[in-house]
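Just so it is clear: in the sequence shown, position 239 is 348 by our numbering, and no numbers are missing.
Glycine residues also receive a C-beta, built at the ideal position from the N, C-alpha and C atoms.
The next block holds one structure in the form of structure tokens; read it before the comments.
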Amino acid sequence: MDLRPFIEKFTRRLAEVEAELSDPKVFANNSRYQDLSREYSRLKNLVAHGAAYLKTLDDLAANRALFEAELADSELAQLAREEIARLEAEEQRLQFELQRGILPPDPTDSRNTIIEIRAGAGGSESALFAADLYRMYSRYAEACGWKLETLDSNPSDLGGFREVIFSVTGTDTYKRLKYESGVHRVQRVPATEAQGRIHTSTATVAVLPEAEEVDVQLKPEELEITVCRASGPGGQGVNTTDSAVQIIHKPTGVIVRCADGRSQQKNKQRALTVLRSRLLETRVAEENAKYAAQRKAQVGTGERNERIRTYNFPQNRVTDHRIELTLYYLPAVIDGDLDPVIEPLMADDLRSRLANVGL
């Protein structure tokens, strides 16, 4: 694919947005100003990637010509060969970024994210696995410079979680984490297994883009809000006051509970945020279903009716079943190094979307 026309298009549009942002009238419309600011930031990165991509192509051509002009076993040819390998990897990386820029951005990609992890099949071992997944995402968020905040949790007796809900705040959180939605399966010898037998357990992960008030309007008469005393660990500041909040959305029957904070008002606001996000996810899923017949199996859209990934501890193996990716890299992945898994998923999703628009 010749990316030069697209790079020129990005450059022209960047100049247009820059001129519009300099118009004082834009500041009077806060929504328009924010939209233009986001577009400006996106285009600025694309133009920078475009310039680097074109330079990389020129450098590749120069090094290939040098390699062909020299004797294959000469020192200069060896240096040129090494530089060609580096430049080809850089070309692929920049090409991916530019191809992604060709497609209209998903408006939810820039949203903050709410993740819900629930223990599935496997009893106490599934609850321990849910805690491992929570730790994995916590470590990944820390490495990305994101902020993670627990909204609600239901600990198990052995130190795991029957359920844990948390928010992740930062740049491009949903853009990267949306591929984690689905059933995660673990195969390992549980700590409670005396015979050394391998058990298979599961946990479900739901990844929701954080909804804003303008996305989902909640009418007071549609909400049943109750408060109660938080239970479980937390000290007197949590479980001796009526700080836990439960909200039932009457039209859909969706129930949200938030109890991890000490403030009843903060718990209420967090619960409303989770409720809006769940309702937004339902709406988006309904829209996506209209086009499901025209697309390949969706990647990371929140469908949780089949396993997406297996963590096999005896084989030190992580397998993502959606793209048949296998890595013998399990300790690092479970410790939060998720990019080697997420980036191939992003690349596969990009190829699918480009194919759908005929590119």
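{"query": "Within 10 Å of its beta-carbon, does Ser140 have 16 or more other beta-carbons around it, so buried, or fewer, so exposed?", "result": "exposed"}
{"query": "At the level of alpha carbons, what is the spacing between Asp144 and Tyr243?", "result": "33 Å"}
{"query": "Relative to the alpha-carbon of Phe422, which residue among Arg173, His308, Glu206 has its alpha-carbon at the smallest distance?", "result": "His308"}
{"query": "In chain order, what residues of the same chain have a beta carbon less than 6 Å from the beta carbon of Ala189, not counting five sequence neighbours either side?", "result": "Asn172, Leu175, Phe176"}
{"query": "Buried or exposed for Ala239, going by 16 or more other Cβ atoms inside 10 Å?", "result": "buried"}
{"query": "In three-state DSSP terms, what is Phe270?", "result": "strand"}
{"query": "Would you kindly check if the distance between the Cβ of Val365 and the Cβ of Leu384 is under 8 Å?", "result": "yes"}
{"query": "So, at 7 Å on beta carbons, what are the nonlocal neighbours of Asp261 in its own chain, with the 5 sequence-adjacent residues on each side left out?", "result": "Ile274, Arg366, Cys367, Ala368, Asp369"}
{"query": "Which value, in whole angstroms, describes the spacing of the CA atoms of Leu436 and Arg294?", "result": "15 Å"}
{"query": "Report yes if the C-beta distance between Ala312 and Ser235 is below 8 Å; otherwise report no.", "result": "yes"}
{"query": "Can you tell me the Cβ-Cβ gap for Ile223 and Ser386, rounded? I've got them flagged as a contact below 8 Å.", "result": "5 Å"}
{"query": "DSSP three-state call for Phe422: helix, strand or coil?", "result": "coil"}
{"query": "I'd like the span of the beta strand (DSSP E) that includes Ala320, first residue to last.", "result": "Taken as a continuous stretch (DSSP letters only), Ala320 belongs to no beta strand (DSSP E), as it is neither H nor E."}
{"query": "Roughly how many whole angstroms lie between the Cα atoms of Pro264 and Arg195?", "result": "48 Å"}
{"query": "Of all the options Pro440, Thr120, Arg416, which has the alpha carbon lying nearest to the alpha carbon of Ser310?", "result": "Arg416"}
{"query": "Just how far apart, CA to CA, sit Leu130 and Asp444?", "result": "43 Å"}
{"query": "Taking the DSSP output, what are the residues bridged to Gln201?", "result": "Its beta-bridge partners do not exist; DSSP assigns none."}
{"query": "His293 lies in the beta strand (DSSP E); which residues open and close that run?", "result": "291-297"}
{"query": "So what does DSSP say about His158, is it helix, strand or coil?", "result": "helix"}
{"query": "How many angstroms separate the CA atom of Tyr420 from the CA atom of Asn138?", "result": "49 Å"}
{"query": "At the level of alpha carbons, what is the spacing between Pro449 and Tyr438?", "result": "9 Å"}
{"query": "Under 8 Å, do Ala380 and Ile357 count as touching if we go by C-beta distance?", "result": "no"}
{"query": "Please classify Met245 as buried or exposed, where buried requires at least 16 neighbouring CB atoms within 10 angstroms.", "result": "buried"}
{"query": "On the three-state DSSP scale, how would you describe Ala546?", "result": "The question about residue 546 has no answer here: the residues shown for the chain are numbered 110 through 468."}
{"query": "Does DSSP classify Thr309 as helix, strand or coil?", "result": "strand"}
{"query": "Buried or exposed: Asn318, going by 16 or more other Cβ atoms within 10 Å of its Cβ?", "result": "Note that residue 318 is Pro in the sequence shown, not Asn. Pro318 is buried by the Cβ-count criterion."}
{"query": "Mind pulling the beta strand (DSSP E) runs of 3 or more residues that sit fully within the segment 216-248?", "result": "222-228"}
{"query": "How about Ile116 and Leu207: are their beta carbons less than 8 Å apart?", "result": "yes"}
{"query": "Rounded to whole angstroms, what is the Cα-Cα separation between Gln374 and Thr165?", "result": "54 Å"}
{"query": "Under three-state DSSP, which class holds Asn139?", "result": "helix"}
{"query": "Under a three-way DSSP split, which group does Asp429 fall into?", "result": "strand"}
{"query": "Who are Arg209's beta bridge partners in DSSP?", "result": "DSSP output for Arg209 lists no bridge partner at all."}
{"query": "Indicate whether Val325 and Leu389 have their beta-carbon atoms separated by less than 8 Å.", "result": "yes"}
{"query": "Going by DSSP in three states, Val314 sits in which element: helix, strand or coil?", "result": "strand"}
{"query": "Go through its chain and collect everything with a Cβ distance to Pro213's Cβ below 6 Å, but skip five positions before and after it.", "result": "none"}
{"query": "Assign Pro329 to buried or exposed, taking buried as 16 or more other Cβ atoms, counted over all protein chains shown, within 10 Å of its Cβ.", "result": "exposed"}
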